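K.L.:
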Amino acid sequence: MSGLRGRTVAGLADQALVALTTAGTGLLGTSVLPVHEAGLMLYAVAVLVFVQGLGRAFVGDVLLAHVPRFADAGDRRRQFANAHATSATLGLLGVVVLLAGWLLGPQHYVADLVWCAPFVPSILLQDLARYTYQSRGRQSQALIIDGCWVVVQGACVAALLLTGHVGGGPLIACWGIGATVGALVFYARTRINPLAGRPARWLHDTRHLLGWFTGTGVLAQLTTLLIASLVQGILSATAYSGLRLVQIVVLQPAQSFVMALNGLLVPRASAFAGAGDAAGLRRQTRTVLAVNAAIGACILAVAVPLAHPLLSLYRSGAYLAVAAIALPIALQACLYLLQIPFTVAMRGMHRARMLFTQYLAYSVATLGGLVLGAVLGGLPGAAWGLMSGAAIGTAVQASLYRVAVRKLVALAGKPGAVTG
Numbered sequence: 000m001s002g003l004r005g006r007t008v009a010g011l012a013d014q015a016l017v018a019l020t021t022a023g024t025g026l027l028g029t030s031v032l033p034v035h036e037a038g039l040m041l042y043a044v045a046v047l048v049f050v051q052g053l054g055r056a057f058v059g060d061v062l063l064a065h066v067p068r069f070a071d072a073g074d075r076r077r078q079f080a081n082a083h084a085t086s087a088t089l090g091l092l093g094v095v096v097l098l099a100g101w102l103l104g105p106q107h108y109v110a111d112l113v114w115c116a117p118f119v120p121s122i123l124l125q126d127l128a129r130y131t132y133q134s135r136g137r138q139s140q141a142l143i144i145d146g147c148w149v150v151v152q153g154a155c156v157a158a159l160l161l162t163g164h165v166g167g168g169p170l171i172a173c174w175g176i177g178a179t180v181g182a183l184v185f186y187a188r189t190r191i192n193p194l195a196g197r198p199a200r201w202l203h204d205t206r207h208l209l210g211w212f213t214g215t216g217v218l219a220q221l222t223t224l225l226i227a228s229l230v231q232g233i234l235s236a237t238a239y240s241g242l243r244l245v246q247i248v249v250l251q252p253a254q255s256f257v258m259a260l261n262g263l264l265v266p267r268a269s270a271f272a273g274a275g276d277a278a279g280l281r282r283q284t285r286t287v288l289a290v291n292a293a294i295g296a297c298i299l300a301v302a303v304p305l306a307h308p309l310l311s312l313y314r315s316g317a318y319l320a321v322a323a324i325a326l327p328i329a330l331q332a333c334l335y336l337l338q339i340p341f342t343v344a345m346r347g348m349h350r351a352r353m354l355f356t357q358y359l360a361y362s363v364a365t366l367g368g369l370v371l372g373a374v375l376g377g378l379p380g381a382a383w384g385l386m387s388g389a390a391i392g393t394a395v396q397a398s399l400y401r402v403a404v405r406k407l408v409a410l411a412g413k414p415g416a417v418t419g
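Under numbering that gives the first Met the number 0, residue 419 is the last one in the sequence shown; the count climbs by one each step, no gaps.
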């Protein structure tokens, strides 16, 4: 039990570090750049996060459910090498796509992309390093790697501030430089060689998960990018800057906590499902649901009353108008927290098709609510539309979870019972 507690603490600390660093990059942009320029920088970050999310969809999220079922160390190491080779290949493709977007896209939207394009492979590989450690229950090692990234990024940002060369592109480049160092430290410590891996073998070995799990991840990242694009297109870059500021402070901590739980609990859920232990899976789900409900209540209790006084002080009130969206964004954070126990369980049961169905319902509801809300009510209407999509997604996820558990109970012990 003490080992589990230690992994939990290390995992939460690691995700908190990642969350604070990511949030800090966005907050720094809003604090030192004009509101419009901050919106453009945050949009470039959204594009980069989209590419990072594709790497997680094809490799990271699949790895958490796939590798824990290999008992032999040699088999695991081969799977890791194949996974990292696949991520490196995706990173190189990402470089080409981002550079093409920079050359061909509207310069006032994508000018900052040229700064981040060279670092896409490093960002994907450093991100996968965290997943690699998490799949083996070594959260403390993931914390070390992420610590290297954060320290180097912080030093680069400090150099920009001291020399007066702060800009959206250079701030993004600091992220890439830190990720490069973190990835190099990981490979020096583990001796995993991406060049020895075989992407084709990874795609073959994970094909039973890759289709629907990857489709879900791609849809999730595409939805996030479309939200950013629609807010700027229907409203403005200034509106997107305000939305992201509130999301960074209120929503992103919940999302980061969700990611930490994903890394901690999906391997356990996979083990429960593989053994046909529906009772253990239910216990884990109930426990996490109760904890997350309490955390969600705390977010509401803190974020809503403090939004107006804090934003009146930040940048001399430049973002005060977005205090109106604190409530719907806080409710959205609560719904995400309530959804993750069901998502973890279904990933563990390898119910990838059900996950895709749930996220499709969420995406349609979210994008539809966003467009309708933005047209009718501006930025506050858009925020309530996003919240409505999260509510629908949570309800669908809870229903599909119950169906999946019933199937696990009915088919426990039969070959192939926990996949599909």
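Using N, Cα and C, we set each Cβ at its ideal position, and we do this for glycine too.
Note that the structure is a prediction, hence the values are computed from the model and not measured.
Flag this pair as yes or no: are the beta carbons of T213 and S121 separated by less than 8 Å?
P.N.:
no
K.L.:
Count the other C-beta atoms from every protein chain shown that fall within 10 angstroms of the C-beta of A398, then say buried if there are 16 or more, exposed otherwise.
P.N.:
What sits at residue 398 in the sequence shown is Ser, not Ala. Result: exposed.
K.L.:
Would you check if the distance between the CB atom of Q331 and the CB atom of M258 is smaller than 8 Å?
P.N.:
no
K.L.:
Across the stretch 131-144 and the stretch 184-202, are there enough close Cβ pairs to call them in contact, namely three or more that are closer than 8 Å?
P.N.:
Contact holds: three or more Cβ-Cβ distances are below 8 Å.
K.L.:
From what residue to what residue does the alpha helix (DSSP H) around D126 run?
P.N.:
Note, D126: alpha helix (DSSP H), V119 to S134.
K.L.:
Go to Q396, then tell me how far its alpha helix (DSSP H) extends in each direction, as first and last residue.
P.N.:
Bounds of the alpha helix (DSSP H) holding Q396 are A351 to L410.
K.L.:
With 16 as the cutoff for other CB atoms within 10 Å, does G372 come out buried or exposed?
P.N.:
buried
K.L.:
Does the separation of the CB atoms of T436 and W148 fall below 8 Å?
P.N.:
The structure shown has nothing for residue 436, since the chain only spans 0 to 419.
K.L.:
Indicate whether L337 and T286 have their beta-carbon atoms separated by less than 8 Å.
P.N.:
With respect to the 8 Å criterion, L337 and T286 are not classified as neighbours on the basis of their beta carbons.
K.L.:
Please state if the CB of V61 and the CB of T237 are separated by a distance shorter than 8 Å.
P.N.:
no
K.L.:
Could you say which of L310, T215 and I391 lies nearest to M353 if we only look at CA atoms?
P.N.:
T215
K.L.:
A18 and P252: beta carbons closer than 8 Å?
P.N.:
yes
K.L.:
What is the DSSP secondary structure of L312, counted as helix, strand or coil?
P.N.:
helix
K.L.:
Using only the alpha-carbon positions, how far apart do S139 and Q152 sit?
P.N.:
20 Å
K.L.:
Give the secondary structure of D74 by DSSP, where H, G and I count as helix, E and B as strand, and everything else as coil.
P.N.:
helix
K.L.:
So, with DSSP's three-state summary, where would you put R200?
P.N.:
Here R200 sits in helix by DSSP.
K.L.:
How far does the alpha helix (DSSP H) with L112 in it reach, from first residue to last?
P.N.:
L112 to C115
K.L.:
With G347 as the anchor, note down where its alpha helix (DSSP H) starts and where it stops.
P.N.:
A325 to G347
K.L.:
Along the chain, where does the alpha helix (DSSP H) containing P169 start, and where does it finish?
P.N.:
G167 to T189
K.L.:
Roughly how many angstroms separate the alpha carbons of G376 and Y318, rounded to a whole number?
P.N.:
Rounded to the nearest whole angstrom, the C-alpha separation of G376 and Y318 is 18 Å.
K.L.:
Does the beta-carbon of A420 have 16 or more other beta-carbons within 10 angstroms, so that it is buried, or is it exposed?
P.N.:
The chain is shown only over 0 to 419; residue 420 falls outside these bounds and no answer can be derived.
K.L.:
Please confirm if the stretch 226-244 is in contact with the stretch 31-48, defined as three or more CB-CB distances below 8 Å between the two stretches.
P.N.:
yes
K.L.:
Just how far apart, CA to CA, sit W201 and W211?
P.N.:
One C-alpha to the other measures close to 15 Å.
K.L.:
According to DSSP, simplified to helix, strand and coil, what is R206?
P.N.:
helix
K.L.:
Would you report the Cα separation of L244 and F341, rounded to the nearest angstrom?
P.N.:
28 Å
K.L.:
Please determine, among A12, G275, I247 and L97, the residue with the shortest C-alpha to C-alpha distance to G347.
P.N.:
G275
K.L.:
Between the stretch 82-93 and the stretch 44-54, do at least 3 Cβ pairs fall closer than 8 Å?
P.N.:
Enough Cβ pairs lie closer than 8 Å, so yes.
K.L.:
Between the C-alpha atoms of V437 and Y335, what's the straight-line distance to the nearest angstrom?
P.N.:
Examination of residue 437 is not possible in this model, given that the chain is present from 0 through 419 alone.
K.L.:
Between the Cα of G177 and the Cα atoms of F118, T356 and P304, which residue gives the shortest distance?
P.N.:
F118
K.L.:
Smallest Cα separation from L263: which of T131, T365 and L369?
P.N.:
T131
K.L.:
Just tell me which of L103, L102 and L194 has its CA closest to the CA of R77.
P.N.:
Answer by Cα proximity: L194.
K.L.:
Is N81 helix, strand or coil when you go by DSSP?
P.N.:
helix
K.L.:
Should A9 be labelled buried (16 or more other beta-carbon atoms within 10 Å of its own) or exposed?
P.N.:
buried
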